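K.L.:
Residue numbers (the numbering used here): 4 to 641.
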Amino acid sequence: MTEQHLENLRVEAEQIIARYEQKRAAMLPVLRLIQERFGCISPEAEEWAAQLLGVAPAHVREVVTFYSLFHQRPVGTYHVQVCANIACALRGAQGCLAALSERLGIRPGETTTDGRFTLSTVECLCACDVAPVLQLNDRYVGPVTPEIIETLLRSPEALAEIPLRYQGTVDLEEPVLSRRFSLPNAETMETTLRDDGYQAARKALRELSPEQVIKEVTSANLRGLGGAGFPTGKKWSFIPRDSGKPTFLVVNADEGEPGTIKDRYLIVKDPHRLLEGVIIAAYATGARKAYIYIRGEYAAAAKMLQQAVDEAYRYGFLGRRIFSSAFDLEVVVHRGAGAYICGEESALLESLEGKKGFPRLRPPYPAICGLFASPTVINNVETLACVPAIIQRGGAAFAKLGFGKSGGTRLFSLSGHVRQPGLYEASHGVTLRRLIEAAGGVREGRRLKAVIPGGISAKILRADEIDVRMDFDSLVAAGTMAGSAGVIVMDETTCMARALWYAAKFFAHESCGQCSPCREGTGWIFKIVDRIMRGEGRAQDLDALLGVATNMEGRTICVFADAAAWPVQSYITKFRDEFEHHVREGRCDLGSDVSVVPVPQDPVKTFRGIFKSLGLTERLLKDRREELEREQRPNTRR
Ligand SMILES: Cc1cc2nc3c(=O)[nH]c(=O)nc-3n(C[C@H](O)[C@H](O)[C@H](O)COP(=O)(O)O)c2cc1C
Ligand code: SF4
Ligand code: FES
Numbered sequence: 004m005t006e007q008h009l010e011n012l013r014v015e016a017e018q019i020i021a022r023y024e025q026k027r028a029a030m031l032p033v034l035r036l037i038q039e040r041f042g043c044i045s046p047e048a049e050e051w052a053a054q055l056l057g058v059a060p061a062h063v064r065e066v067v068t069f070y071s072l073f074h075q076r077p078v079g080t081y082h083v084q085v086c087a088n089i090a091c092a093l094r095g096a097q098g099c100l101a102a103l104s105e106r107l108g109i110r111p112g113e114t115t116t117d118g119r120f121t122l123s124t125v126e127c128l129c130a131c132d133v134a135p136v137l138q139l140n141d142r143y144v145g146p147v148t149p150e151i152i153e154t155l156l157r158s159p160e161a162l163a164e165i166p167l168r169y170q171g172t173v174d175l176e177e178p179v180l181s182r183r184f185s186l187p188n189a190e191t192m193e194t195t196l197r198d199d200g201y202q203a204a205r206k207a208l209r210e211l212s213p214e215q216v217i218k219e220v221t222s223a224n225l226r227g228l229g230g231a232g233f234p235t236g237k238k239w240s241f242i243p244r245d246s247g248k249p250t251f252l253v254v255n256a257d258e259g260e261p262g263t264i265k266d267r268y269l270i271v272k273d274p275h276r277l278l279e280g281v282i283i284a285a286y287a288t289g290a291r292k293a294y295i296y297i298r299g300e301y302a303a304a305a306k307m308l309q310q311a312v313d314e315a316y317r318y319g320f321l322g323r324r325i326f327s328s329a330f331d332l333e334v335v336v337h338r339g340a341g342a343y344i345c346g347e348e349s350a351l352l353e354s355l356e357g358k359k360g361f362p363r364l365r366p367p368y369p370a371i372c373g374l375f376a377s378p379t380v381i382n383n384v385e386t387l388a389c390v391p392a393i394i395q396r397g398g399a400a401f402a403k404l405g406f407g408k409s410g411g412t413r414l415f416s417l418s419g420h421v422r423q424p425g426l427y428e429a430s431h432g433v434t435l436r437r438l439i440e441a442a443g444g445v446r447e448g449r450r451l452k453a454v455i456p457g458g459i460s461a462k463i464l465r466a467d468e469i470d471v472r473m474d475f476d477s478l479v480a481a482g483t484m485a486g487s488a489g490v491i492v493m494d495e496t497t498c499m500a501r502a503l504w505y506a507a508k509f510f511a512h513e514s515c516g517q518c519s520p521c522r523e524g525t526g527w528i529f530k531i532v533d534r535i536m537r538g539e540g541r542a543q544d545l546d547a548l549l550g551v552a553t554n555m556e557g558r559t560i561c562v563f564a565d566a567a568a569w570p571v572q573s574y575i576t577k578f579r580d581e582f583e584h585h586v587r588e589g590r591c592d593l594g595s596d597v598s599v600v601p602v603p604q605d606p607v608k609t610f611r612g613i614f615k616s617l618g619l620t621e622r623l624l625k626d627r628r629e630e631l632e633r634e635q636r637p638n639t640r641r
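This is the structure we're talking about:
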């Protein structure tokens, strides 16, 4: 890659930069452009990008090494990334990885000698309904079967992106969020307009003041569906009107919570519902520019979203004087680059400004000092997709569809050991039992053992706790949380210690590493659980795990550390006998029937979040790999 090769990208790179308020904010798309053209980001390319973006080369390097989708060395022609998170593990991911590893003759993290295939493991791809799933370059492929592995090895181009299979509503008179999902060509403007699309935005801009829109959203009891459940109307009312700075709307489409598939469905199946919500939210909060930050792995969804944005501009629903009002709005689709922590709103803002995804200390809160130090509203895709229905039906009617202080309906992702995994729309008041029944119940001949109700961070529920309603407050009262509504079901064959191992691996991998309790705590938790799983557990390990978890809670910049502590606390408390058995006997009694068995993993990747944050070099990573490999030598006690 010579300087001339890089210079050939200048015009395209400058067009990208022009979309942003600050040059540096174009960091991720410019680096993606380089990587797409040359296969990796070399030191020369880093220098070139630094000069173009007006930052020091060290800033580019720290970004390249932070995000998992950027490579400093080329990968094979086909990059096969097998999901190694819990929902895929429950449905046999470890077997797929082992088969691929054997057939290709390489371990995760390696490339075949002919340069054709690189094999990797990856954390949840948020396609848990088609588990086990893998990503082949930009394409999602699943559920992976022996036949698919054969095709992948012989003619990888023959494998297409998986289609989305929407499962339907549960006990609703009519779908709200998913009503266009089953229509032919649902994603097009033509279908959208036939189904009253953009009527709510037209009504808001022409007939309602921004304050009236906020009032409707407040009376709708709409809660943030990204996971925190913060009341949306209240959030919008925090935006100052007289700051003298522009206001931004940022859409959080960085879906990454293991067990969650909903935002991708909304974007692919009905992108115009999201865009209509964006228009109304921007109008209500005084934003004239919206950024949609979409997860880097969602390549096909990002393409469809961009097409929908272009279509909306063509129809005059975005741009200048929308619906002949005085309101203007610009929308930019911005792709992430592979880091779960960028779903956390302040990390997302850092990332959008072209930096590592390090969460910010608060206050100041984004409403006052957010993107580019300006007032910023951040909302999840699904939250915004609810807004058109609120304006159309009225806030009070929308609230009635829900339960208690959680208004409306939401999209529940069901994965794991249910007969029909997939996406279901239901009222917040639906019970967990009813959702599992709607998904066909637990697979043939098995009994339910445990359920994660709201994504991997949520505390686990036992089989006798599933009569709980799924609204935000009922789940808190039950000692867990609604989170992202990612419901992961485990039957009696599941080893709970192994299930915790997957959660611990995930958090150790994804910690950004800024805070010592989180950086050290997630590493220690993984190490101890891993030791238990290798049959080398010690009597004091369970209390040590609980102690580490307690010391992580409430002591860090963001709540990631708390989220990493919750599974430890709930799995060990609720299934202590099983953990004690593992420690005492040094083995798993679920034996051959165990659903979750170890994934041969790349030890460096497990701790990459931590290494990346510290900016450690490749040499140090190599040393660590060797050290970990020494630690992982066959266990003589077994
Ligand atoms: C570690 C972590 C990961 C998160 N991931 C996501 C995510 O993938 N998508 C999302 O919308 N919100 C995510 N959130 C929540 C956001 O910080 C924020 O609350 C949300 O985007 C606000 O939008 P809402 O009020 O519409 O939910 C995450 C929070 C944390 C702490
Ligand atoms: S809690 Fe963890 S993820 Fe959050 S800022 Fe601290 S180190 Fe990063
Ligand atoms: S896609 Fe594999 S766990 Fe979610």
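Cβ atoms here follow ideal geometry from the backbone N, Cα and C, with glycine treated the same way.
On a predicted model such as this, the values are computed, not experimentally measured, just so you know.
Across the segment 212 to 227 and the segment 403 to 411, are there enough close Cβ pairs to call them in contact, namely three or more that are closer than 8 Å?
P.N.:
yes
K.L.:
Return the residue from the list Val384, Ile560 and Ser487 that minimises the CA-CA distance to Arg365.
P.N.:
Ile560
K.L.:
Near Phe184, what residues of its chain come up, given a Cβ to Cβ distance below 6 Å and the 5 sequence neighbours on each side ignored?
P.N.:
Tyr169 and Lys272
K.L.:
Where does Val479 land, buried or exposed, given buried means 16+ other C-beta within 10 angstroms?
P.N.:
exposed
K.L.:
Looking at the strands, I want to know which residues DSSP matches up with Asn255.
P.N.:
Tyr296 and Asn383
K.L.:
Which residue from Gln38, Lys26, Glu24 and Arg27 puts its Cα closest to that of Leu12?
P.N.:
Gln38
K.L.:
Is Tyr509 helix, strand or coil by DSSP?
P.N.:
Strictly speaking, residue 509 in this sequence is Phe, with Tyr absent from that position. Phe509: helix per DSSP, three-state reduction.
K.L.:
Using DSSP with H/G/I as helix, E/B as strand and the rest coil, what is Cys372?
P.N.:
coil
K.L.:
Whose beta carbon lies closer than 6 Å to any heavy atom of ligand 5, going through the chain in order?
P.N.:
This structure simply doesn't include ligand 5; it includes ligand 1, ligand 2 and ligand 3 instead.
K.L.:
What residue range does the beta strand (DSSP E) around Cys86 cover?
P.N.:
Tyr81 to Cys86
K.L.:
From the DSSP output, in three-state form, read off Val600 for me.
P.N.:
Note that Val600 scores 40 on pLDDT, short of 50, meaning its location in the model is unreliable; the coordinates nonetheless yield the value given after this. Residue state, collapsed to three classes: coil.
K.L.:
Considering only C-alpha positions, which residue in the set Ala52, Trp504, Phe69 and Gly112 is nearest to Glu17?
P.N.:
The shortest Cα separation from Glu17 among Ala52, Trp504, Phe69 and Gly112 belongs to Ala52.
K.L.:
Check whether the Cβ of Ala285 sits closer than 7 Å to any heavy atom of ligand 1, and report yes or no.
P.N.:
no
K.L.:
Can you tell me whether Gln97 is buried or exposed, with buried defined as 16 or more other CB within 10 angstroms of its CB?
P.N.:
buried
K.L.:
Along the chain, which unbroken stretches of the beta strand (DSSP E) at least 3 residues long are found entirely within the segment 262 to 316?
P.N.:
290 to 297
K.L.:
With DSSP as the reference, label Gln395 as helix, strand or coil.
P.N.:
helix
K.L.:
Taking contact to mean at least 3 C-beta pairs separated by less than 8 Å, is the segment 190 to 200 in contact with the segment 265 to 283?
P.N.:
yes
K.L.:
At a cut of 8 Å, does the segment 117 to 129 reach the segment 169 to 178 through at least three beta carbon pairs?
P.N.:
no
K.L.:
Restricting to Cα atoms, I'd like to know which of Gln423, Leu438 and Ser460 is closest to Glu447.
P.N.:
Gln423
K.L.:
Classify Ser460 as buried or exposed, calling it buried when 16 or more other Cβ atoms lie within 10 Å of its own Cβ.
P.N.:
Its Cβ being crowded by 16 or more others within 10 Å, Ser460 is buried.
K.L.:
In whole angstroms, what is the alpha-carbon distance linking Thr263 and Ser487?
P.N.:
7 Å
K.L.:
Helix, strand or coil, according to DSSP, for Thr114 in the structure here?
P.N.:
strand
K.L.:
For ligand 2, any of its heavy atoms closer than 7 Å to the Cβ of Ala564?
P.N.:
Ala564: yes, Cβ under 7 Å from ligand 2.
K.L.:
Answer yes if the segment 351 to 359 comes into contact with the segment 229 to 238, meaning at least three C-beta pairs across the two stretches below 8 Å, and no otherwise.
P.N.:
no
K.L.:
Compare the Cα-Cα distances from Cys99 to each of Ala163, Val85, Leu107 and Pro111 and report the closest residue.
P.N.:
Val85
K.L.:
Where does Ala400 fall in DSSP's three states?
P.N.:
helix
K.L.:
Counting only the same chain and skipping the five closest in sequence on each side, list residues whose C-beta sits under 7 Å from that of Asp533.
P.N.:
Trp504
K.L.:
Helix, strand or coil: how does DSSP classify Asp546 here?
P.N.:
helix
K.L.:
Note down the Cα distance separating Val281 from Leu252, rounded to an integer number of angstroms.
P.N.:
8 Å
K.L.:
Helix, strand or coil, according to DSSP, for Ser158 in the structure here?
P.N.:
coil
K.L.:
Since I believe Ala204 is in contact with Glu644 (beta carbons under 8 Å), could you give me their beta-carbon distance rounded to a whole number of angstroms?
P.N.:
Outside the shown range of the chain, which is 4 to 641, sits residue 644, and nothing can be said about it.
K.L.:
Just checking my contact of Gln572 with Ala547 at CB under 8 Å: how many whole Å lie between their CB atoms?
P.N.:
Contact doesn't hold; Cβ gap of about 13 Å is too wide.
K.L.:
To which residues of the same chain is Pro362 closer than 6 Å at the C-beta, ignoring the five residues directly before and after it?
P.N.:
Glu347, Ser349, Ala350, Ile560 and Cys561
K.L.:
Apart from the five residues on each side of it in sequence, which residues of its chain come closer than 6 Å, Cβ to Cβ, to Ala506?
P.N.:
Ile459 and Pro570
K.L.:
Return the chain-ordered list of same chain residues with a C-beta closer than 7 Å to the C-beta of Gly618, the five sequence neighbours on each side being excluded.
P.N.:
For Gly618, the predicted model reports a pLDDT of 40, less than 50, meaning its position is unreliable and no value from the coordinates is stated.
K.L.:
Could you give the first and the last residue of the continuous alpha helix (DSSP H) run that contains Tyr574?
P.N.:
Phe563 to Lys577
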